[in-house]
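Participant: This is the structure I want to talk about, given as structure tokens.
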Amino acid sequence: MRLILLAGFLGSGKTTILLPMAGALIEQSSKVVIIENEMGEIGIDGSYLAREGLQVQELFGGCICCTLSVGLVESIDKIEGLYHPEVIVVEATGIARPGDLKKTIFQYNKCIEKIDTVTVVDAQRYEVLRHALAPLFEAQIDAADIVVLNKIDTIDGQAVRDISTDIGLINPDAKLHTVSMDESSGFEALLRDVL
Amino acid sequence: MSNEGYERVQTAMRLEPTDRIPVVPTLLPEPAAGLAGVLLGDMVKDNTLVVETIFKVFDEYGGWDAIYPGFYIPIQLQVMGNFPMKMSISGQELAPDIPFQLNEQEILQVEDYDRIAEIGYDKFFQEDYLWRITKATPDEVKKHMDQLIAADGLFTRCCANRNISRLFTGNGTHPFFTLSLMRSMVPFTQDVYYNPEPVERALQRMTDDLIAAKLAEMKHWDSNIWLFTEERAGGYFFSPKMFERFWWPYTRQIVEAMWEHGIVTLFHLDTCWDKNLAYFKQLPRGSIALELDGTTDLALAKEILNDHACLKGDVPAALLALGTPEEVASYCKEKIDIVGAGGGYILGTGCSVPPNVKPENFRAMIDTAKNYRPKAVL
Numbered sequence: 001m002r003l004i005l006l007a008g009f010l011g012s013g014k015t016t017i018l019l020p021m022a023g024a025l026i027e028q029s030s031k032v033v034i035i036e037n038e039m040g041e042i043g044i045d046g047s048y049l050a051r052e053g054l055q056v057q058e059l060f061g062g063c064i065c066c067t068l069s070v071g072l073v074e075s076i077d078k079i080e081g082l083y084h085p086e087v088i089v090v091e092a093t094g095i096a097r098p099g100d101l102k103k104t105i106f107q108y109n110k111c112i113e114k115i116d117t118v119t120v121v122d123a124q125r126y127e128v129l130r131h132a133l134a135p136l137f138e139a140q141i142d143a144a145d146i147v148v149l150n151k152i153d154t155i156d157g158q159a160v161r162d163i164s165t166d167i168g169l170i171n172p173d174a175k176l177h178t179v180s181m182d183e184s185s186g187f188e189a190l191l192r193d194v195l
Numbered sequence: 196m197s198n199e200g201y202e203r204v205q206t207a208m209r210l211e212p213t214d215r216i217p218v219v220p221t222l223l224p225e226p227a228a229g230l231a232g233v234l235l236g237d238m239v240k241d242n243t244l245v246v247e248t249i250f251k252v253f254d255e256y257g258g259w260d261a262i263y264p265g266f267y268i269p270i271q272l273q274v275m276g277n278f279p280m281k282m283s284i285s286g287q288e289l290a291p292d293i294p295f296q297l298n299e300q301e302i303l304q305v306e307d308y309d310r311i312a313e314i315g316y317d318k319f320f321q322e323d324y325l326w327r328i329t330k331a332t333p334d335e336v337k338k339h340m341d342q343l344i345a346a347d348g349l350f351t352r353c354c355a356n357r358n359i360s361r362l363f364t365g366n367g368t369h370p371f372f373t374l375s376l377m378r379s380m381v382p383f384t385q386d387v388y389y390n391p392e393p394v395e396r397a398l399q400r401m402t403d404d405l406i407a408a409k410l411a412e413m414k415h416w417d418s419n420i421w422l423f424t425e426e427r428a429g430g431y432f433f434s435p436k437m438f439e440r441f442w443w444p445y446t447r448q449i450v451e452a453m454w455e456h457g458i459v460t461l462f463h464l465d466t467c468w469d470k471n472l473a474y475f476k477q478l479p480r481g482s483i484a485l486e487l488d489g490t491t492d493l494a495l496a497k498e499i500l501n502d503h504a505c506l507k508g509d510v511p512a513a514l515l516a517l518g519t520p521e522e523v524a525s526y527c528k529e530k531i532d533i534v535g536a537g538g539g540y541i542l543g544t545g546c547s548v549p550p551n552v553k554p555e556n557f558r559a560m561i562d563t564a565k566n567y568r569p570k571a572v573l
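Residue numbers (the numbering used here), protein chains in the order written: chain A, 1 to 195; chain B, 196 to 573.
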């Protein structure tokens, strides 16, 4: 089974990307399940996705920091048993390090053969996140197979190039997509890579 | 307070060798419910049931060296400010078997920083902020707190009947962590980055208030350990510059003020603190202990803080919930061998025992501490 891990800091636009991505996946594959875990109000509306025909599993964490990965492992096992999906999409909480989650999933979820990590980066708040939260920010980019620089409509072209260079220094192996979901730019190319 | 288990804990806190490594799991109401087969939806209304359930587990697993005094119902954590956020409760907004959930929102506003600095955190919280997050009425809040006080008496009697002690008496949350929860993480990070002065004024006032409150509180107890929680300031999230400016100076003030009165600060530090460990060497020897959650490298902590700070931890939640008893025992033995060498170590869980812990894994952890005797600690 394939797992797509959608990572990125709080408010980076993961949910905005998840919705059309999930739609495209369901067109391609009849068995897609979404696991959603986000802090506070930012989280996706599970009932909305359900109406769109997607199976959604909400992930609870009594104490996010220590029990999140346990809940995720158990959710994956439960989903595998109930639905036998071809693809699981996990929208990780914005404070998660995808590398840590991948390690735990591969250790305990034997049904997962492949994990693709897509990290969404907020172009608008790049400066503050890059400097104030550097360790988490770098870890999220470092673990990515694909980095999505989102909200590029909020900064100028030179800033997009500077940030792209910086991301390339953190993770030279990741494929970078520059996207504006608000202006419907760059998403189709991203989708082709993800699918 | 004197009994064999607590003496063992105190010896470890003093960084001296013990006859065996003490063990103290962070058994909160949620995992206690799981281990005792009690429904969380029933636990969240009844402190008496919480206390009885915790001690039922304590008895069934043969006991351990000191007990974690976490016998709350969720709304009390909100009212006391441990979690100054909106929450969803088992059996109310959630299914009765789902642990309570925190709902982090931008409740605190920028102008509140100066209000805290001006009138003090407690007044701000009790008179204003609490009513932004809770659904409870003032009468209900009073009832919940009266219930907690009654449960405290029951907890004390249960300890006395078993001749055991609480691991700590006072507890508090770091001002940095508190503000981050109240404001929510993104706006708070933007505040400290773009407009730090009001945040610093609030942090200093909260630090002063916390010191005064905890010193007064600790006078009522025959104990010298208090718990101090921080889950965000470490190198997992924040850059060293942020840590040095917004966390470390206040931490130092608090620890040193408590230590002047002989009070040991037991830090509960979630997430990875590898990059911050060396800072703790600046604090007086024996004034602190670090409770780590399995993401900080405990062996590295031992290397850096050996003979300076007691360490506690760190059997990971994932191992307790998903591993086997053999794996748990092996993990514990390794920690006892490496971190326990020479003393200054308490075996514990990495953060809380997970709500879905396997009973056989929990038992493996407790029994390993009681029965395993490496040469290093003999």
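Even glycine gets a Cβ: it sits at the ideal position worked out from N, Cα and C.
Do asparagine 171 of chain A and isoleucine 141 of chain A have their beta-carbon atoms positioned less than 8 Å apart in this structure?
Facilitator: On the first sequence, position 141 is the one that residue 141 of chain A refers to. On the first sequence, position 171 is the one that residue 171 of chain A refers to. Yes, the pair counts as a contact, with Cβ atoms nearer than the cut-off.
Participant: So if I threshold CB-CB distances at 9 Å, which residues from the stretch 503 to 537 of chain B count as touching chain A?
Facilitator: Answer in chain order: Pro511, Ala512, Ala513, Leu515, Ala516, Leu517 and Gly518.
Participant: Counting only C-beta atoms, is methionine 380 of chain B closer than 8 Å to chain A at any point?
Facilitator: Taking the first residue of the second sequence as position 1, residue 380 of chain B is located at position 185. Answer yes: the Cβ-Cβ gap between methionine 380 of chain B and chain A drops below 8 Å somewhere.
Participant: Would you kindly check if the distance between the Cβ of threonine 424 of chain B and the Cβ of phenylalanine 383 of chain B is under 8 Å?
Facilitator: Position 188 of the second sequence, counted from the start, is the residue given in the question as residue 383 of chain B. Position 229 of the second sequence, counted from the start, is the residue given in the question as residue 424 of chain B. Not a contact, by the Cβ cut-off of 8 Å.
Participant: Whole-angstrom Cβ separation of valine 92 of chain A and valine 118 of chain A, contact assumed at under 8 Å?
Facilitator: Your numbering for residue 92 of chain A matches position 92 in the first sequence. Your numbering for residue 118 of chain A matches position 118 in the first sequence. For the sequence presented, residue 92 of chain A should be read as alanine rather than valine. Not really, about 10 Å apart at Cβ, beyond 8 Å.
Participant: What does proline 251 of chain A touch in chain B if you count any residue whose Cβ is under 8 Å from its own?
Facilitator: In the structure displayed, chain A extends from 1 to 195; residue 251 of chain A sits before or after that span and is not available.
Participant: Does any C-beta atom of chain B lie closer than 8 Å to the C-beta of valine 73 of chain A?
Facilitator: Numbered from 1 along the first sequence, position 73 holds the residue referred to as residue 73 of chain A. True, the Cβ-Cβ gap to chain B drops below 8 Å.
Participant: Could you check how far apart the C-beta atoms of methionine 1 of chain A and proline 85 of chain A are, in whole angstroms? I think they sit under 8 Å.
Facilitator: Locating residue 1 of chain A in the first sequence gives position 1, counting from the first residue. Locating residue 85 of chain A in the first sequence gives position 85, counting from the first residue. That pair is a contact at about 7 Å.
Participant: I need the DSSP call for histidine 503 of chain B, collapsed to helix, strand or coil.
Facilitator: Residue numbering aside, residue 503 of chain B sits at position 308 when the second sequence is read from its first letter. In the structure shown, histidine 503 of chain B sits in coil (DSSP, three-state: anything other than H, G, I, E or B).
Participant: My understanding is that glycine 457 of chain B touches tryptophan 421 of chain B, with C-beta atoms under 8 Å, so please give their C-beta distance in whole angstroms.
Facilitator: Taking the first residue of the second sequence as position 1, residue 457 of chain B is located at position 262. Taking the first residue of the second sequence as position 1, residue 421 of chain B is located at position 226. No, glycine 457 of chain B and tryptophan 421 of chain B are not in contact; Cβ-Cβ is about 11 Å, not under 8 Å.
Participant: Does the separation of the CB atoms of alanine 512 of chain B and cysteine 546 of chain B fall below 8 Å?
Facilitator: Locating residue 512 of chain B in the second sequence gives position 317, counting from the first residue. Locating residue 546 of chain B in the second sequence gives position 351, counting from the first residue. For alanine 512 of chain B and cysteine 546 of chain B, yes; Cβs fall inside 8 Å.
Participant: Kindly list, in the order they appear in chain A, the residues whose Cβ is closer than 8 Å to that of tyrosine 308 of chain B.
Facilitator: The residue labelled residue 308 of chain B in the question sits at position 113 within the second sequence. Ordered by position in chain A, no residue passes the 8 Å Cβ test against tyrosine 308 of chain B, which lies about 17 Å from the chain.
Participant: Examine chain A for any beta-carbon lying closer than 8 Å to the beta-carbon of valine 305 of chain B, and answer yes or no.
Facilitator: Within the second sequence, the letter at position 110 stands for residue 305 of chain B. No, no contact with chain A.
Participant: Which of helix, strand or coil does DSSP assign to tryptophan 259 of chain B?
Facilitator: Within the second sequence, the letter at position 64 stands for residue 259 of chain B. The answer is coil: DSSP assigns tryptophan 259 of chain B none of H, G, I, E or B.
Participant: Would you mind telling me which residues of chain B sit closer than 8 Å to tyrosine 108 of chain A, beta carbon to beta carbon, in chain order?
Facilitator: Within the first sequence, residue 108 of chain A is the residue found at index 108, counting from 1. Result: Ala513 and Leu517.
Participant: So, at 7 Å on beta carbons, what are the nonlocal neighbours of valine 523 of chain B in its own chain, with the 5 sequence-adjacent residues on each side left out?
Facilitator: In the second sequence, the residue the question calls residue 523 of chain B occupies position 328. Once the five neighbours on either side are set aside, the close Cβ partners of valine 523 of chain B are Val510, Leu514, Leu515, Asn556, Ala559 and Met560.
Participant: Do the stretch 309 to 328 of chain B and the stretch 256 to 267 of chain B touch if we need at least three Cβ pairs shorter than 8 Å?
Facilitator: The stretch 309 to 328 of chain B is not in contact with the stretch 256 to 267 of chain B.
Participant: If I measure Cβ to Cβ from leucine 362 of chain B and keep anything under 6 Å in the same chain, skipping five residues before and after, which residues do I get?
Facilitator: If you number the second sequence from 1, residue 362 of chain B lands on position 167. So the qualifying residues of the chain are Val219, Ala261 and Tyr263.
Participant: Does the stretch 64 to 82 of chain A touch the stretch 97 to 106 of chain A, meaning 3 or more C-beta pairs lie closer than 8 Å?
Facilitator: Contact holds: three or more Cβ-Cβ distances are below 8 Å.
Participant: Counting only the same chain and skipping the five closest in sequence on each side, list residues whose C-beta sits under 8 Å from that of alanine 355 of chain B.
Facilitator: As a first step, residue 355 of chain B must be located in the second sequence, where it is residue number 160. So the list is empty, once near-sequence residues are dropped.
Participant: Step through the CB atoms of chain A and report whether any lies within less than 8 Å of the CB of glutamine 385 of chain B.
Facilitator: In the second sequence, residue 385 of chain B corresponds to position 190, counting from 1. Interface residue, yes.
Participant: Starting from asparagine 556 of chain B, follow the beta strand (DSSP E) in both directions and report where the run begins and ends.
Facilitator: Sequence index remark: in the second sequence, residue 556 of chain B carries index 361 (1-based). Asparagine 556 of chain B -> not in any beta strand (DSSP E); alpha helix (DSSP H) instead, spanning 554 to 566.
Participant: Which residues does DSSP list as the beta-bridge partners of tryptophan 421 of chain B?
Facilitator: Reading the second sequence from its first residue, position 226 is the one you call residue 421 of chain B. Beta-bridge pairing links tryptophan 421 of chain B to B:Gly365 and B:Thr460.
Participant: In chain order, what residues of the same chain lie with their CB nearer than 6 Å to the CB of lysine 14 of chain A, ignoring the 5 residues before and after it?
Facilitator: Working through the first sequence from its first residue, we reach residue 14 of chain A at position 14. The residues are Leu6, Gly8, Glu91 and Val120.
Participant: Can you find a C-beta in chain B that's less than 8 Å from the C-beta of threonine 93 of chain A?
Facilitator: In the first sequence, counting from the first residue as 1, residue 93 of chain A sits at position 93. Not one chain B Cβ lies under 8 Å of threonine 93 of chain A.
Participant: For a contact meaning CB atoms closer than 8 Å, what does valine 128 of chain A contact in chain B?
Facilitator: Working through the first sequence from its first residue, we reach residue 128 of chain A at position 128. Result: Thr384, Gln385, Tyr388 and Tyr389.
Participant: Express the C-alpha separation of isoleucine 34 of chain A and cysteine 111 of chain A in angstroms, rounding to a whole number.
Facilitator: Locating residue 111 of chain A in the first sequence gives position 111, counting from the first residue. Locating residue 34 of chain A in the first sequence gives position 34, counting from the first residue. Approximately 16 Å between the Cα atoms of the pair.
Participant: For a contact defined as C-beta to C-beta under 7 Å, what are the partners of methionine 282 of chain B on chain A?
Facilitator: Within the second sequence, numbered from 1, the residue matching residue 282 of chain B stands at position 87. Result: empty, since nearest Cβ-Cβ is about 11 Å, beyond 7 Å.
Participant: Could you round the C-beta distance between isoleucine 531 of chain B and proline 569 of chain B to whole angstroms and report it? I think they count as a contact, below 8 Å.
Facilitator: Taking the first residue of the second sequence as 1, we reach residue 531 of chain B at position 336. Taking the first residue of the second sequence as 1, we reach residue 569 of chain B at position 374. About 6 Å; that satisfies the 8 Å criterion.
Participant: Apart from the five residues on each side of it in sequence, which residues of its chain come closer than 8 Å, Cβ to Cβ, to isoleucine 406 of chain B?
Facilitator: As a working mapping, residue 406 of chain B is identified with position 211 in the second sequence. Around isoleucine 406 of chain B: Gln448, Ile449, Ala452 and Met453.
Participant: For methionine 39 of chain A, which three-state DSSP category applies?
Facilitator: Locating residue 39 of chain A in the first sequence gives position 39, where the first residue counts as 1. With a pLDDT of only 49 at methionine 39 of chain A, under the threshold of 50, the placement of this residue in the model should not be trusted; the figure read from the coordinates follows. Coil, per DSSP.
Participant: Could you tell me which residues DSSP puts in a beta bridge with arginine 378 of chain B?
Facilitator: Against the second sequence, residue 378 of chain B aligns to sequence position 183. In DSSP, arginine 378 of chain B forms no bridge with anything.
Participant: Helix, strand or coil for methionine 275 of chain B? Go by DSSP, reduced to three states.
Facilitator: Along the second sequence, read from residue 1 onward, the residue named residue 275 of chain B stands at position 80. Three-state result, methionine 275 of chain B: coil.
Participant: In chain order, what are the residue ranges of uninterrupted beta strand (DSSP E) at least 3 long that sit wholly in the stretch 6 to 38 of chain A?
Facilitator: Those beta strand (DSSP E) runs which fall completely within the stretch 6 to 38 of chain A and span 3+ residues are 32 to 36.
Participant: Is DSSP giving glutamate 188 of chain A helix, strand or coil here?
Facilitator: The sequence position of residue 188 of chain A within the first sequence is 188, counting from 1. Helix at glutamate 188 of chain A.
Participant: Could you name the residues of chain B that leucine 5 of chain A contacts, counting a contact when the two beta carbons are closer than 8 Å?
Facilitator: Walking along the first sequence from the start, residue 5 of chain A turns up at place 5. Near leucine 5 of chain A there are no residues of chain B at all, since even the closest Cβ is about 17 Å away, more than 8 Å.
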